[in-house]
Amino acid sequence: MLFDDPEFHETIASVLVPVAVPKAYTYKVPAGQSVVPGTIVKVPLGPREVIGAVWDGEPDAAINPNKLKSISRVYDTTPPLDEDLRRFVDWVANWTLGAPGMVLRMVLRSEEALEPEAPVAGVRRIEDAEPDRMTPARGRVLATMEDGFAWTKSGLSHAAGVSASVIDGLIKQNVLEVVSMPASPPLPKPQIDYAQKSLTPAQTAASEGLIESFDKGGSVTLIDGVTGSGKTEVYFEAIAEALRRGRQALVLLPEIALTEQFLRRFEQRFGVFPAEWHSEITPKNRSRVWRGVASGDVRVVIGARSSLFLPFRELGLIIVDEEHDAAFKQDDRVPYSARDMAVVRGHISRFPVILASATPSVESHVNAELGRYSLLELPERASGAELPELQAIDMRHEGPERGRWLAPGLVTAIKETFAQGDQSLLFLNRRGYAPLTLCRTCGHRFQCAHCSAWLVEHRFQKKLVCHHCGHFEKVPDACPTCQSANSLVACGPGVERIAEEVSDMFPQARTLILSSDLPGGPERLKREMKIVEEGGADIVIGTQLVAKGHNFPKMKLVGVIDADLGLAHGDPRAAEKTFQLLAQVTGRAGRVTGGGRGFLQTYNADHPVIKALLSSNKNAFYQAEIEARRVAGLPPFGRLAAVIVSGPDKAFAEHYARALARSAPADQAVTLLGPAEAALAMVRGRYRYRLLTMAPRQFDLQSFLRHWLGNGPKPSKGLRVQVDVDPQHFL
Ligand code: ADP
Ligand code: ZN
Ligand code: ZN
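According to the working numbering, the stretch in the sequence shown is residues 804 to 1534, in order.
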């Protein structure tokens, strides 16, 4: 807020700066400038300048004005951040125990976006001017320019099929003049009634439910629909409604690799592409989208979790697709759940939020049961195709021979599927060739020097890679401990190793690995997803990336190589996550035409998760899981927050973690567990200890944590304390 001091005729303002401090700082407003809460400014901070925003709350008038620094720049071409967005930033900071400035930093990510886009040079016809001599090339240029609009030189030379020198010649003769034109042409708007599919009766009912939710102000709706039921088609109608009401819409997806298919489907429905926002877009596009969202030119954004912090001018709908997905949780810097914060943003601005999934999170399921969220169910596939038939392969009795990973039963099924010209998907949530490499002679195991993790062999890249810190080394010729040559063996499979086995067995089949870390990055992945979609591969080997939302019409068989992989963790969500992942991935089979089959290779055929998957009794699984959480007081019935202490010295970090635990205020409502050495005991050279607090749902855990950490022993140099409210994993 502003404060006018009549004595000094100087104005001061609170400015939130993008650093980890608890509140806004006070700055002088330069004479002749005016700011309001939300105005974006540049201010000096220590030795540098940073971008911040004028914030609500009184500036500190007690500071000697001579000691105050001045705002160095006011960005007045960008609209101020509106009150709802400021409240949202404060809310997220308060919930995550993060610094509000660090949350604001997620809003002001692109400094370039604050500058108006530089115009580009163009040429325009000068009325009635004629060249001294007409040539066919000149004729083509003038004919192309008949509409009277300005063209860029390169656009014009391309359209008229002439070289740049022809255009330069016409400029010299004063037939064309150089003008400046906006760098990006205005964006075409989505057309509400461009091409609406005729919906099935169940879909119509669901879309009507969504449209009604716009009049309820801040309501949340969960669409629980089986894979292929048309959830996307249904929420497109909600987007149409938001557009009809003059509002912007945001769709959050958990995985960039999903956007390509989504963009095409959106274009088929609305006639234009939506704007994209994720880590892979170019800086230029990033700035354009940011500006367009703020000005209102961009009407629909499809993005990763960070798009939640875009400065929408009139946001009126958020959709979180695959809402159960762990990718919506950010773990570093400000740990937040984009799904939960989307609900908060809708609540603050009183607009509807839609969560969609075939396997909702237990939290959302309970919220729907308790009536906090409306529930819309789509129990059948749009095509009418039945869900795939699933069966377990008991690896204790029906497993493959040593050194092989595909059981004979699965191999037979792949053979049959291939013979019919259909696609198979082999799913293994492990990148690389093998998760562990050891020396046959001395037993040496390759471990990361900076993390407590094995190095994973990536055979295509001829490297051993740490999946936690990215450290890699060349695969050596001899064992580094005993110097034996040809003594290294790969233990266990990754997708590359499965692909090798498949190529061995099916040399005639076209095989493809879909994994996020292969050379070529997201572009290659997009291409390959499209190849699979169009039937250009027979056998696909993929990591969890393929489990998410894709529509592969020719996919008939899904084989899960290791169904037990996720169950081993001591993580309270292990059962839920495994169920979701395997239900999603097997749901890829027979989506359009039916007749899909799924095989789960397992050593635990009696595990409740495996049994629930086989019996397709989703409801029984959820009821059992919900009951178990209720009894244990786990989310959503209780609340969890993790406190992670890390430091370069092991004994010092442990000592501090113990002292911190001892300093916790006694409160009967709170159970404090730990400190315990983290499962990932070292990451990037830092030793890690975890504490976990548990409390009933109604308990204000944030206040407790704030009080505790604010009054406990301060972490000295090198130590770091990170709070993770609602942790999603416990590594
Ligand atoms: P979900 O998101 O529930 O997995 P999708 O919306 O992706 O389902 O739909 C699955 C497939 O069925 C898509 O190819 C989609 O175009 C098609 N589809 C869904 N509903 C209809 C409909 N009413 N008419 C025609 N095709 C539909
Ligand atoms: Zn050795
Ligand atoms: Zn590492």
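Every residue, glycine too, gets a C-beta built ideally from N, C-alpha and C.
Taking the alpha-carbon positions, what's the residue i to residue j distance?
i: F1440; j: S1319; result: 35 Å
i: E1079; j: P1155; result: 21 Å
i: R1207; j: L1360; result: 20 Å
i: G841; j: D859; result: 8 Å
i: P850; j: P988; result: 39 Å
i: L1118; j: E1303; result: 49 Å
i: P883; j: G1020; result: 24 Å
i: P765; j: M1358; result: For the chain, the structure presents residues 804 to 1534; residue 765 sits outside this window and is missing.
i: R745; j: F1455; result: Here the chain has residues from 804 to 1534 only, and residue 745 is not among them.
i: R1067; j: D1128; result: 22 Å
i: L1384; j: T1346; result: 11 Å
i: A1431; j: G1369; result: 18 Å
i: E1219; j: A1481; result: 46 Å
i: P868; j: V1446; result: 40 Å
i: A1498; j: T880; result: 47 Å
i: V1169; j: R1175; result: 9 Å
i: A1216; j: A1130; result: 32 Å
i: R1442; j: T1496; result: 8 Å
i: C1245; j: E1379; result: 40 Å
i: D1225; j: T947; result: 49 Å
i: S1010; j: P1004; result: 10 Å
i: S817; j: T829; result: 5 Å
i: E1166; j: S1032; result: 22 Å
i: L1179; j: R1465; result: 47 Å
i: A1371; j: F1382; result: 13 Å
i: Q1250; j: W1257; result: 4 Å
i: S1290; j: P1283; result: 11 Å
Since residue i and residue j should fall inside the 8 Å C-beta cutoff, what is the C-beta to C-beta distance between them, to a whole number of angstroms?
i: V944; j: V965; result: 6 Å
i: L819; j: G901; result: About 13 Å; that fails the 8 Å criterion.
i: D1197; j: A1408; result: 5 Å
i: R1400; j: P1191; result: 6 Å
i: S1090; j: E915; result: 5 Å
i: Y1492; j: A1479; result: 7 Å
i: I1121; j: L1055; result: 7 Å
i: I974; j: L959; result: Wrong, their Cβ atoms sit about 11 Å apart, outside the cutoff.
Determine the DSSP secondary structure at residue i, reduced to helix, strand or coil.
i: Q1505; result: helix
i: Y878; result: strand
i: F749; result: What the structure shows of the chain is the stretch from 804 to 1534, and residue 749 is not part of that stretch, so it cannot be assessed.
i: I1364; result: coil
i: F1131; result: helix
i: R1437; result: Reading off the sequence shown, one finds Leu at residue 1437, where the question assumed Arg. Residue state, collapsed to three classes: coil.
i: R1300; result: helix
i: D887; result: helix
i: Y1038; result: helix
i: H1261; result: strand
i: M905; result: helix
i: L1209; result: coil
i: K845; result: strand
i: P934; result: coil
i: I974; result: helix
What does the Cβ neighbour count give for residue i, buried or exposed, with the cut at 16 atoms within 10 Å?
i: G1477; result: buried
i: I1059; result: buried
i: S1177; result: buried
i: F1221; result: buried
i: F952; result: exposed
i: Y997; result: exposed
i: L1025; result: buried
i: R1173; result: Checking the sequence shown, residue 1173 turns out to be Leu, not Arg. Exposed, by the Cβ-count rule.
i: V1434; result: exposed
i: E810; result: In this predicted model, E810 has a pLDDT of only 46, less than 50, meaning its place in the structure is not dependable enough to derive any value.
i: S1140; result: buried
i: V978; result: buried
i: S1016; result: buried
i: C1294; result: exposed
i: F1263; result: exposed
i: R1523; result: exposed
Segments assigned alpha helix (DSSP H), at least 4 residues, entirely inside the region 980-1032
The qualifying runs are 1004-1015.
As an exercise, report each continuous alpha helix (DSSP H) stretch of at least 4 residues that is fully enclosed by the region 1440-1491, in chain order.
Entirely contained in the region 1440-1491, the alpha helix (DSSP H) runs reaching 4 residues are, in chain order, 1453-1465.
Segments of 3+ residues assigned as beta strand (DSSP E) that fall wholly inside the region 1052-1122:
With a minimum length of 3 residues, the continuous beta strand (DSSP E) runs that stay inside the region 1052-1122 are 1078-1080, 1103-1106.
In chain order, which continuous runs of the alpha helix (DSSP H) of length 4 or greater are located wholly inside the region 1307-1375?
Every unbroken stretch of the alpha helix (DSSP H) spanning 4 or more residues and falling wholly within the region 1307-1375 is given here in chain order: 1324-1336.
Sequence ranges, beta strand (DSSP E) only - wholly within the region 1217-1293, length at least 3
DSSP runs (the beta strand (DSSP E)) wholly in the region 1217-1293: 1226-1230, 1239-1242, 1259-1261, 1266-1268, 1275-1277.
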